[in-house]
Structures are given as structure tokens and as C-alpha cells.
Amino acid sequence: MPPKECGGSNQENRIVGGMPAGVNRYPWMARLVYDGQFHCGASLLTKEYVLTAAHCVRKPAPAAPTEVVDCATDLLVYHTIA
1 MPPKECGGSN
11 QENRIVGGMP
21 AGVNRYPWMA
31 RLVYDGQFHC
41 GASLLTKEYV
51 LTAAHCVRKP
61 APAAPTEVVD
71 CATDLLVYHT
81 IA
């Protein structure tokens, strides 16, 4: 579906019939937040590293040091896909 205005993004649901995911529903996922705003998603690789798309971390770099600000997943628990 094209944007409603030229140069504007479509803020409607992106997945047809999709539902919001609850906290801990996908424990291998992370979110990248810059200046308090959601920026990109990422996948947990280890307790220290995430993998995300290149465009999510290109310059300019975040103004503040990057750190874990909230962790809803117990990284010591082995999670499986049911």
C-alpha cells in the first residue's frame, strides 16, 4: 500500500492479521533505542552481542554510549521454539 502522503510512511499494521507480541514472547529478539525512540530490531547472539541490519548502526553514531537499558529475558534460561 503506498503512503498516504508523498514522502510519508504508512503507519498502519505492517503484517496483515498480525497481533502485537507480548514481552518474553520472542526472547531472542532485542530492540535498538536511540534518544528514547525505537530505532530497529535485532537478534540476540550472546549475552553481549546482537545482530541487526547495517542501516541500523550507520553513522551518525548515537550521542550516548550504548548499553542494556532493560532486559525482560532471563539470559541464563535456555529458550526453545514450541
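No gaps in the numbering here: position 27 of the sequence shown is 27 in the UniProt record's numbering, and each next residue is one more. In this text, a Cβ means the ideal position worked out from N, Cα and C, and glycines have one as well.
Point to revise | Alpha carbon of GLY36 to alpha carbon of VAL57, nearest angstrom | key: 16 Å
Review point. Is the beta carbon of LEU44 less than 7 Å from the beta carbon of ALA30?
Key: yes
Exercise for review: With DSSP as the reference, label ALA54 as helix, strand or coil.
Suggested key: helix
Point to revise | Cross-strand partners of ARG31 (DSSP beta bridge) | key: GLY41
Check your understanding: Out of curiosity, what's the CA-to-CA distance linking LEU32 and ARG25?
Key -> 17 Å
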